[in-house]
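Okay, so here's the structure we're looking at.
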Amino acid sequence: MTAPPGRVLPRSFYERAAQQVARDLLGKSLLHRVAWGVRVARIVETEAYLGEHDLASHASRGRTARTEVMFGPAGHAYVYFVYGMHFCFNVVTGREGVASAVLVRGVEGQRGIPAGARTDGPGRLTRALGIARAENGLDLTTSALCILDGPRPPRGSVRRGPRIGVDYAGRWADRPLRFWVEGSPGVSRPPRSRARPRRRGGR
DNA sequence: CTATTGATGGTC
DNA sequence: ACCATCAATAGG
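Residue numbers for the first sequence follow our numbering, so the first one is 3 and each next one is one higher.
What follows is the structure, encoded as structure tokens:
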């Protein structure tokens, strides 16, 4: 049976500390209305980026044309192009003027997404949901792109740890600002343990 | 299984 | 020059 649709999250949800929003986004559904229908996916992995003082954040290098939307009001999409190939989707959080945001790193397809399509990893999920440059800056409370309320993951299934791919950020690299739902196939994995854990006795 | 590299382009 | 990435490949 289909789960209840859930309400569109209000702006007040996003007007909080990025760590809190990152944690609370787990279990919510990202929805995108596209020309030929709608695509929906459950969020299972996020990372919080705290602001200009956070050396892992794009905002740490100041306010530029690219990072402009992060400095704006909460509840808007910050979409950027990375590695010449992929788009990453973030939601702006906190007070206007404070450049904090949450990167969505993994989802599970729920509707409108081809069966078998991989949606783990920030680059893969934007491709699956049809999120690209045109979606940068969209208001998640009034546009074709939004996030629906959904059941919180079972208590005990939420894990947290250091963010991925930010080793250059000094001590900020170690902060446990990544959140994920343990056991979900939508959670990205470090390249090395991507295969199934098929290990019985030890060593 | 691990390690390495190529693709591909905006940002500053 | 540097990436908030992914896939494909070569080697153990």
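For each residue, glycine too, the CB sits at the ideal point set by N, CA and C.
Bear in mind that the values here come from a model prediction, so they are computed numbers and not experimental data.
Which partner residues of residue i appear in the DSSP bridge assignment?
i: ARG25; result: ARG25 is not bridged to any residue.
i: HIS78; result: ASP141
i: THR69; result: For THR69, which the question treats as bridged, DSSP gives no partner whatsoever.
i: VAL189; result: DSSP output for VAL189 lists no bridge partner at all.
Suppose the cutoff is 7 Å on Cβ atoms and the five residues either side in sequence are ignored; what does the same chain contact list for residue i look like?
i: ASP56; result: SER62 and TRP174
i: VAL84; result: CYS90
Using three-state DSSP, classify residue i as helix, strand or coil.
i: ALA101; result: coil
i: LEU32; result: strand
i: ARG177; result: coil
i: LEU147; result: strand
i: ARG129; result: helix
i: ARG113; result: strand
i: ARG120; result: coil
i: GLY172; result: helix
i: ARG9; result: coil
i: ARG135; result: helix
i: ARG157; result: coil
Can you list, in chain order, the residues of its chain with a C-beta nearer than 8 Å to that of residue i? Leave out the 5 residues immediately preceding and following it.
i: ARG65; result: PHE73 and ALA101
i: GLN21; result: ALA50, LEU52 and LEU179
i: ARG198; result: Bear in mind that the predicted position of ARG198 carries a pLDDT of just 45, short of 50, making it unreliable; the figure below should be weighed with that in mind. Here the set comprises nothing.
i: ALA134; result: VAL81, PHE89 and THR128
i: ARG68; result: HIS60 and TYR82
Starting from residue i, trace the alpha helix (DSSP H) in both directions and tell me its first and last residue.
i: GLY86; result: Where GLY86 is concerned, there is no enclosing alpha helix (DSSP H), given that its DSSP letter is neither H nor E.
i: ARG162; result: Run containing ARG162: none in the alpha helix (DSSP H); it sits in the beta strand (DSSP E), 160-163.
i: PHE15; result: 13-16
For the beta strand (DSSP E) containing residue i, list its first residue and its last residue.
i: GLY39; result: 39-51
What does a CB cutoff of less than 6 Å around residue i pick up in its chain, not counting 5 residues either side in sequence?
i: GLY163; result: PRO178 and ARG180
i: GLY29; result: GLY152, PRO153, ARG154 and PRO155
i: GLU137; result: ALA79, VAL81 and LEU147
i: GLY188; result: VAL46, GLY108, VAL109, GLU110, THR121 and ASP122
i: SER159; result: VAL183 and GLU184
i: ARG25; result: PHE181
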